[in-house]
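In what follows, a single structure is set out as structure tokens and then discussed.
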Amino acid sequence: MTTVAAVDEWMNRVFCEDAVAGVQRIPDGAVDLLIADPPYGLGKDYGNDSDKLDAAAYLEWTALWIDAALPKLKPNGSLYIFLTWRYSPEIFVLLKQRMTMINEIIWDRRVPSMGGSTRRFSSVHDTIGLFVKGRDYHFDLDAVRIPYDAETKKARSRALFVGAKWLEMGYNPKDVWSVSRLHREHREREDHPTQKPLEIIERMIKASCPPNGLVLDPFMGSGTTAVAAKKCARNFVGFELNPSYCSMIEQRLNELAIASTEPVSVTRPELCE
Ligand SMILES: C[S@@+](CC[C@H](N)C(=O)[O-])C[C@H]1O[C@@H](n2cnc3c(N)ncnc32)[C@H](O)[C@@H]1O
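Residue numbering for the sequence shown follows the numbering used here, starting at 6 and increasing by one per position.
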């Protein structure tokens with residue numbers, strides 16, 4: 006059985022192991038922000054069978070990891086969960102029984118218009134749920150405001166608007182985030198089928214994790230959350246089943262570490278024992 010370890014044995018590390026067992030390394034109430042981008046139950050190939058469950062087994066597994074991970078959140082902690090329309094209704098209901106729902110965010114992946122489905126409307130968005138544990142949840146809107154462009158500022162130059170905080174500081178990003186999915190030509194792109202853009206994860210971290218706070222990602226994939234946390238001066242801890250993706254994470258963190266000369270922190274428990 007996995008037991009809670011000393012903080013330097015898990016903080017700022019990614020463990021190449023099953024998240025459900027692995028989260029037990031972390032003490033309850035230690036995490037400021039949980040970012041979960043689990044398999045969507047759509048049959049993707051992650052080099053394992055994690056996305057090949059039937060609907061009932063998928064929802065059962067979802068409840069299992071949620072109940073393992075949620076106790077790790079602080080009372081003022083938050084959860085962002087990536088889903089699609091297929092299972093977001095069931096999973097949002099499940100989460101509403103445990104937390105308070107704050108937002109449904111639509112990630113518009115900016116998929117270009119091409120042929121597409123002929124028996125339904127083409128689905129071009131992911132559904133993200135923002136849930137909190139308590140009413141005093143951390144939320145720093147100013148850290149993620151989007152600056153107005155010069156033209157808009159000029160158009161709002163009437164005396165009525167001069168000095169208005171929202172005009173100077175930028176606007177609320179709202180709940181539809183139009184950010185291109187990653188293509189080969191994007192410099193941050195890795196060889197992972199569902200890598201999320203840093204822009205999205207950094208926004209979540211800046212808004213919902215205090216400086217020097219801790220972000221937990223049970224499904225690290227290519228390591229976007231670890232990279233974003235480091236770039237935003239937050240701590241991270243995470244898990245990933247596929248050893249090739251663990252190497253990818255190690256590589257990405259290494260590239261950041263070269264700049265900061267810090268040690269890299271991907272752990273394969275089976276190699277360490
Ligand atoms: C949707 S992807 C995450 C992508 C990630 N957000 C990124 O930006 O690269 C889900 C990942 O979860 C991993 N995974 C699936 N089941 C897991 C489990 N029980 N424990 C740890 N990782 C798991 C898969 O191998 C896959 O890489």
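Idealized CB from N, CA, C, for every residue including glycine.
Start and end residues, beta strand (DSSP E) containing residue i
i	result
Ala41	Val36 to Ala41
Met174	Run containing Met174: none in the beta strand (DSSP E); it sits in the alpha helix (DSSP H), Lys170 to Met174.
Glu14	Run containing Glu14: none; DSSP gives neither H nor E here.
Ile31	Segment: none, Ile31 is in no beta strand (DSSP E) and carries neither H nor E.
Asp131	His130 to Val137
Met106	Thr105 to Asp113
Leu221	Leu219 to Asp222
Sequence-distant residues of the same chain with beta carbon closer than 7 Å to residue i, five excluded per side
i	result
Thr132	Leu88, Thr89, Trp90, Ser93, Glu109 and Ile111
Lys57	Gly48
Gly280	Because the chain in this structure spans residues 6 to 278, residue 280 falls outside the shown range and cannot be described.
Neighbourhood of residue i by C-beta, 8 Å cutoff - its chain only, sequence neighbours within 5 removed
i	result
Asp23	Phe244 and Leu246
Asp113	Val129, His130, Val181, Trp182, Ser183 and Val184
Inter-residue Cα distance where the pair is residue i and residue j
i	j	result
Gly251	Asn217	The sequence given here places Cys at residue 251; Gly does not occur at that position. Cα to Cα, the separation comes out at about 24 Å.
Ser183	Ile205	10 Å
Ile96	Asp222	18 Å
Glu275	Glu14	Note that Glu275 scores 46 on pLDDT, short of 50, meaning its location in the model is unreliable and no value can be drawn from it.
Thr123	Arg115	19 Å
Close-in-space but distant-in-sequence residues of the same chain around residue i (CB under 6 Å, 5 per side omitted)
i	result
Glu260	none
Ile107	Leu135 and Val137
Val271	Val19, Cys251, Ile254 and Glu255
Extent of the continuous alpha helix (DSSP H) run through residue i
i	result
Phe97	Ser93 to Lys101
heavy atom of ligand 1 below 8 Å from residue i C-beta
i	result
Val25	yes
Phe166	no
Pro152	no
Leu221	no
Tyr250	yes
Trp112	no
His197	yes
Lys201	yes
Gly46	no
Met225	yes
Leu246	yes
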